[in-house]
Amino acid sequence: MTSGRQVLISVQHVSKTYKKGGREFHALRDCTFDILKNEFLVVVGPTGCGKSTLLNLLAGIEFPTSGSILLNGAPVTGPGADRGMIFQDYALLPWRSVLKNAELGFEFMKKPMKGDQIKAEAMRYLEMVGLGYAVNKHPGELSGGMKRRASLAMILAIKPVILLMDGAFNALDSKTKMTMHQEITRIWETEKNTVVFVTSDLDEAVKLADRIIVLNKDGALEAILVNELPRPRLGSAARDPDFHHRFIAFRETVMNVIKKDAGLRTCAIS
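Numbering (the working numbering), first residue to last: 7 to 276.
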């Protein structure tokens with residue numbers, strides 16, 4: 007799967023240490039891996055293993071204690087418009103309409119656009135996420151799923167090369183989450199972004215990922231697993247008996263890696 011694919015981000019021997027109360031806490035330990043152009047990479051692992059810390063380092067919000075992160079061969083020295091971060095909360099301004107929230111990113115662009123251009127681009131992405139009918143609503147009038155769509159449109163509108171998503175669908179109910187899985191997959195396939203997606207939901211990881219990175223309880227890289235399940239993996243495809251069997255088997259593979267690290271009994275894979 008990796009053969010012939012361009013390396014977009016290279017994480018090289020990255021460690022991150024925090025100091026608290028005179029003691030050191032190691033969030034990440036000597037992590038080395040590549041992120042490929044246009045891939046959907048999912049990061050999983052136990053609570054406190056450094057998943058969110060890793061995203062912050064990729065975003066340039068924080069910096070490694072040791073090691074380096076290269077983007078297209080150049081060190082990451084801070085945040086950039088080439089990376090869009092979507093957090094667990096919705097990050098919408100409550101006094102702005104859905105449309106005005108989607109336009110927000112353009113206000114910080116180095117090359118200003120005209121008002122009608124900004125509106126047209128914002129509308130394009132709101133339509134893309136299925137919110138074209140709600141552009142005049144405010145965040146307080148939206149459901150959780152609608153807020154997530156609005157925040158996604160806000161980030162997509164600035165055309166990031168890389169989408170960094172930290173537990174983006176955690177707060178959604180199962181039906182809305184399923185819909186958002188379909189939406190983010192469609193957008194990823196259309197826009198050709200590279201996605202790095204953090205989750206604790208293994209079903210979600212297997213549905214979305216090209217590859218899955220497993221971090222262990224010590225913040226070190228435990229495994230990189232290639233997801234060979236064919237796409238599409240959602241909707242009617244998921245109901246195929248052979249696909250379902252393969253899905254369950256791969257999910258158990260991921261689970262066993264996590265359980266082994268935790269010292270728990272692993273499951274047999276049939």
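Glycine residues also receive a C-beta, built at the ideal position from the N, C-alpha and C atoms.
Being a predicted model, the structure only gives us computed values, none of them experimental.
A residue is called buried when at least 16 other Cβ atoms come within 10 angstroms of its Cβ; residue 147 does not meet this threshold and is exposed. Looking from the CA of residue 23, the closest CA among 15, 33, 253 belongs to 33. Taking all protein chains shown into account, residue 154 has 16 or more neighbouring C-beta atoms within 10 Å of its C-beta and is therefore buried.
C-alpha of residue 167 to C-alpha of residue 80: approximately 15 Å in a straight line. Take residue 76, set aside five residues on each side of it, and the residues of its chain with a beta-carbon closer than 6 Å to its own are 16, in chain order.
For the beta strand (DSSP E) assignment, the uninterrupted runs of no fewer than 3 residues enclosed by the stretch 192 to 244 are, from N- to C-terminal side, 200 to 204, 217 to 221, 227 to 232. In terms of Cβ geometry, residue 259 and residue 43 do not form a close pair [threshold 8 Å]. For residue 35, the enclosing beta strand (DSSP E) has its first and last residue at 29 to 42. The count of Cβ pairs closer than 8 Å, one atom from the stretch 46 to 62 and one from the stretch 200 to 210, reaches three, so the stretches are in contact. The residues 177, 178, 182, in chain order, have a CB closer than 7 Å to that of residue 150 in the same chain once the five nearest residues on each side in sequence are set aside. In the structure shown, residue 89 falls within a strand segment according to DSSP collapsed to helix, strand and coil. By alpha-carbon distance to residue 175, the top candidate from 56, 210, 11 is 210. By the Cβ rule, the stretch 247 to 255 does not count as touching the stretch 60 to 69, because fewer than three pairs are nearer than 8 Å. Residue 180 is bridged by DSSP to nothing; it lacks a bridge partner.
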